[in-house]
Amino acid sequence: MMNVSVIGTGYVGLTTGISLAFLGHRVTCVDIDERKIDGLKAGLMPIYEPGLEDLLNSSEERIRFTTSYEAAVSEAEVLIFAVGTPANEDGSPNLTYLFGAADDVISHLIGKETPTVLVNKSTVPVGTADTIADKIKAFGLEDRVSIASNPEFLRQGRAVADTLYPERVVVGGGDAAVQTLRRMYEVLVEQRFEAPSFAPRPEGVEAVPFMSVDLRSAELAKYAANAFLAMKISFINEIANVCDAVGADVRRVADIIGTDARIGKSFLHAGIGYGGSCFPKDTRALHHIADTNGYDFKLLAAVIEVNGAQKFKLIEKARESLGSLQGKRIAVLGLTFKPGTDDIREAPSLPIIEELVREGAEVRVHDPIALEKSRPQLPVGVQACVSVQEALLGAEAALLVTEWPEYAGIGAEQLKAWMDRPLWIDGRNAFADQYGQELEYRGVGIRGGA
Ligand code: NAD
1 MMNVSVIGTG
11 YVGLTTGISL
21 AFLGHRVTCV
31 DIDERKIDGL
41 KAGLMPIYEP
51 GLEDLLNSSE
61 ERIRFTTSYE
71 AAVSEAEVLI
81 FAVGTPANED
91 GSPNLTYLFG
101 AADDVISHLI
111 GKETPTVLVN
121 KSTVPVGTAD
131 TIADKIKAFG
141 LEDRVSIASN
151 PEFLRQGRAV
161 ADTLYPERVV
171 VGGGDAAVQT
181 LRRMYEVLVE
191 QRFEAPSFAP
201 RPEGVEAVPF
211 MSVDLRSAEL
221 AKYAANAFLA
231 MKISFINEIA
241 NVCDAVGADV
251 RRVADIIGTD
261 ARIGKSFLHA
271 GIGYGGSCFP
281 KDTRALHHIA
291 DTNGYDFKLL
301 AAVIEVNGAQ
311 KFKLIEKARE
321 SLGSLQGKRI
331 AVLGLTFKPG
341 TDDIREAPSL
351 PIIEELVREG
361 AEVRVHDPIA
371 LEKSRPQLPV
381 GVQACVSVQE
391 ALLGAEAALL
401 VTEWPEYAGI
411 GAEQLKAWMD
421 RPLWIDGRNA
431 FADQYGQELE
441 YRGVGIRGGA
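Each step along the sequence shown adds one to the number in UniProt numbering, with nothing skipped, and position 324 is 324.
This is how it looks when you write it as structure tokens:
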């Protein structure tokens with residue numbers, strides 16, 4: 001059992017903190033957001049993440065929440081930074097939160113006698129750990145304070161399972177820091193814990209590879225992983241666009257190429273592209289990092305460009321079916337960037353809605369989880385509907401943006417009764433089997449859907 005502090009209680013920090021407490025460590029979670037911390041103290045989850053509250057309930061006695069750095073730093077053997085690193089205008093990551101947190105932590109490390117490992121879990125440009133190491137040196141703390149990079153690969157909506165059963169744990173740093181983190185992750189790496197009923201251990205998972213590398217390789221690996229996945233998405237979306245042009249079905253093409261082990265089945269689901277707080281920002285950041293280091297990453301530039309355009313395919317398809325969208329009532333179903341999360345950061349829904357409004361459509365939107373959260377970001381005149389029926393009533397088209405399972409349960413007869421024209425434009429190709437025959441159905445790269 002170790003004393004661990006986690007700085008930042010967002011999707012990554014909170015999941016990490018609660019999971020480490022579940023695995024037996026004594027954890028202090030710190031955030032500068034007092035409301036968040038007050039809520040957490042009162043047992044209120046600031047985010048929607050399946051299983052996270054249950055995990056907290058199983059580990060409550062080992063975790064505390066605070067806004068005090070002093071409490072977090074004084075006893076911690078390991079301090080994990082998990083603050084946000086959003087994109088600046090030019091695509092570079094904004095490191096203000098990270099360096100702000102690092103400065104606060106370092107000021108509290110002065111005078112602390114016991115060794116501390118500062119671990120960076122936030123996604124940051126190569127060389128960021130070295131910058132923090134320089135700050136440590138500037139205060140003469142390098143004998144007692146070491147630095148490590150521990151990039152995070154969890155997916156929102158599956159954060160608990162991804163944290164308890166990761167495909168690998170990556171640690172960059174010197175020997176002492178790596179050994180401390182190997183100890184912190186021992187129970188996880190050896191899978192020596194009883195799997196909770198709400199997050200069962202996937203079949204075949206007996207141990208987790210622990211990969212220790214140099215700091216810079218660890219920092220770059222996170223960007224490389226996200227850029228590769230984004231590339232797969234943009235690639236299959238380009239194939240879908242070709243399918244639309246030639247009358248082929250991207251689902252069949254993806255099935256065929258996915259059986260090739262060198263390609264793999266995952267991330268070959270065509271649609272309106274990636275969104276969320278990671279892929280858009282991390283692809284732009286990696287492009288910027290390469291650029292500022294003298295390398296023109298052309299492939300990545302194309303991935304980003306393709307993704308930027310893909311979301312508007314839905315509107316093109318609506319125009320092809322309806323003509324001008326002026327005065328047409330259109331339902332947008334789903335606001336979050338994917339199902340299973342309440343996160344609307346960089347969700348394709350928002351630019352789609354803005355464009356529909358710009359073209360004069362009467363837009364009604366629905367989301368089962370994120371409606372309230374989205375309200376301030378919706379353009380004037382857009383009607384946020386609490387029920388899906390309200391959104392669909394009298395609509396001439398439904399644009400499926402997030403494949404929430406509840407939309408599968410509506411049923412074609414109901415849709416025909418509610419909508420003025422049962423035109424279902426499926427941005428995720430999620431309901432082709434269900435609605436493909438019975439409604440006026442258009443998918444992305446689906447035969448007959450062009
Ligand atoms: P988030 O925005 O959900 O949470 C960040 C938290 O940090 C907020 O609660 C904020 O109040 C807090 N914070 C900011 N400055 C602080 C400070 N000085 N001291 C204490 N707390 C502070 O962010 P997130 O989605 O959890 O992402 C965190 C990092 O992890 C980012 O770098 C992101 O790229 C990376 N990451 C995210 C995911 C993901 O799926 N969300 C996955 C892998 C990696």
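Heads up, the beta-carbon is just placed ideally off N, CA and C, and yes, glycines get one too.
All figures in this text were calculated on a predicted structure; none of them were measured in a lab.
- With a cutoff of 8 Å on beta-carbon distance, A391 and L333 are scored as near each other.
- A distance criterion of 7 Å places the beta-carbon of A82 in contact range of ligand 1, judged by its closest non-hydrogen atom.
- Counting along the chain, no alpha helix (DSSP H) covers G91, and no H or E run does either.
- Partner residues in the beta bridge of L333, as assigned by DSSP, are H366 and L400.
- One Cα belongs to K416, the other to A398, and the distance between them is close to 11 Å.
- For a cut-off of 8 Å, the C-beta gap from G445 to N120 is around 39 Å, too long to register as a contact.
- DSSP, read as helix, strand or coil, puts Q383 in strand.
- Note: W424 is bridge-paired with A398 and Y441 in the DSSP secondary-structure output.
- Ranked by how close their Cα comes to the Cα of P351, the residues G204, F65 and G275 have G275 in first place.
- Restricted to the stretch 4-82, the beta strand (DSSP E) segments that are unbroken, complete and at least 3 residues in length are 26-30, 63-66 and 78-81, listed in chain order.
- Judged by DSSP secondary structure, L118 falls within the beta strand (DSSP E) whose first and last residues are T116 to N120.
- The way I'd put it, the stretch 18-38 doesn't touch the stretch 106-115; fewer than three beta-carbon pairs between them come closer than 8 Å.
- When C-alpha distances from A412 are compared across R155, E440 and S387, the shortest belongs to E440.
- In this structure, L154 has its CB closer than 7 Å to one or more heavy atoms of ligand 1.
- Excluding five sequence positions before and after M184, the CB atoms of its chain that fall closer than 6 Å to its own CB belong to M2 and V78, given in chain order.
- By the C-beta criterion, the stretch 191-206 is judged not to be in contact with the stretch 253-272, since fewer than 3 inter-stretch pairs fall below 8 Å.
- By the criterion of a C-beta distance shorter than 7 Å, R375 is surrounded in its chain by A384, once the five residues flanking it on both sides are discounted.
- In the assembly as shown, T292 is an exposed residue. Its beta-carbon has fewer than 16 other beta-carbons within 10 Å.
- Under the three-state reduction of DSSP output, S146 falls in the strand class.
- Across the structure, P422 and E396 are spaced so that their CA atoms are roughly 7 Å apart.
- Looking from the CA of A225, the closest CA among L95, L300, E113 and V246 belongs to L300.
- Within the same chain, L325, K328 and I330 come within 7 Å of A361 by CB-CB distance, once the 5 residues on both sides are set aside.
- Membership of F228 in the alpha helix (DSSP H) is indicated by the continuous run L215 to V246.
- Setting aside the 5 residues that flank it on each side, M419 is surrounded in the same chain by L392 and A395, each with a C-beta closer than 6 Å to its C-beta; the list follows chain order.
- Fewer than three Cβ pairs drawn from the stretch 50-59 and the stretch 227-243 lie within less than 8 Å of each other, which leaves the two stretches out of contact.
- In the DSSP assignment, M211 is bridged to V170.
- DSSP, read as helix, strand or coil, puts S266 in coil.
- In this structure, G17 has its CB at a distance of at least 7 Å from all heavy atoms of ligand 1.
- Secondary structure of M1 (DSSP, three-state): coil.
- Residue environment analysis places Y407 among the buried positions, since at least 16 neighbouring C-beta atoms fall within 10 angstroms of its C-beta.
- The beta-carbon distance between G443 and D426, rounded to whole angstroms, is 5 Å. This is short enough to meet the 8 Å contact definition.
- For N429, there is no enclosing alpha helix (DSSP H), as DSSP marks it with neither H nor E.
- Annotation for S277 indicates a beta carbon within 7 Å of some heavy atom of ligand 1.
- Between V205 and P50, the CB-CB gap reaches or exceeds 8 Å.
- About 14 Å separates the beta carbon of V27 from that of V12, a gap too long to meet the 8 Å contact definition.
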